[in-house]
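Here's the structure we're looking at; comments come further down.
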Amino acid sequence: MNKTFVLRTDASDTGLGAVLLQEQEGVKLPIAYASRKLLPREQNYSVIEKECQALVWGIGKFHTYLFGREFTLQTDHQPLLYLNKVKVANARLMRWELSLQPYSFRIEAIRGSENVGADFLSRV
Numbered sequence: 001m002n003k004t005f006v007l008r009t010d011a012s013d014t015g016l017g018a019v020l021l022q023e024q025e026g027v028k029l030p031i032a033y034a035s036r037k038l039l040p041r042e043q044n045y046s047v048i049e050k051e052c053q054a055l056v057w058g059i060g061k062f063h064t065y066l067f068g069r070e071f072t073l074q075t076d077h078q079p080l081l082y083l084n085k086v087k088v089a090n091a092r093l094m095r096w097e098l099s100l101q102p103y104s105f106r107i108e109a110i111r112g113s114e115n116v117g118a119d120f121l122s123r124v
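The sequence shown: position 19 = 19 (this note's numbering), numbered continuously.
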């Protein structure tokens, strides 16, 4: 039986974090973790750009698990919920939005207190 994957991502001023989870017996269990430091030029991105970069980077990091199947993306950054629903004027966000088109996912908002794994990894 294929269980649905959940990807949680987060960004801080210094890094990106992602946690891949899978639900088993009603509990979301971590399958894999990833983090990386932001480059000096990336540290100048706006908050939505950093959060979107974390999302795109996390999906790319776990491409093997996520490509070709439906998954849920969870973020504590509410504006990302509307990324594919509104016209984006920012060229960087538009490029990232286009790079996500091959994937089948839905975005959910979660409280920051639920996103502790990705949040911690983004600060390491």
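Using N, Cα and C, we set each Cβ at its ideal position, and we do this for glycine too. It should be emphasised that the depicted structure is a prediction, and the values quoted were computed from it without experimental measurement.
Looking only at its chain, what residues have a beta carbon closer than 6 Å to the beta carbon of Ala-11, apart from the 5 residues adjacent to it on each side? Lys-50, Glu-51, Ala-54, Ser-122
If contacts are defined as beta-carbon pairs under 8 Å, then Arg-111 and Thr-72 qualify, I think. What distance do you get, rounded to the angstrom? So it is not a contact: roughly 15 Å between Cβ atoms.
Where does Asp-76 land, buried or exposed, given buried means 16+ other C-beta within 10 angstroms? buried
Return yes when the Cβ of Ala-18 is within less than 8 Å of the Cβ of Ala-91, no when it is not. no
DSSP bridge partner residues for Gln-43 (one or two, in chain order): BP columns for Gln-43 are empty, so no partner.
Could you check what DSSP says for Gln-53 in three-state terms: helix, strand or coil? helix
Can you check which of these residues, Glu-23, Leu-80, Ser-35, Thr-14, is closest to Asn-2 by C-alpha distance? Glu-23
Do Ile-59 and Leu-100 have their CB atoms nearer than 8 Å? yes
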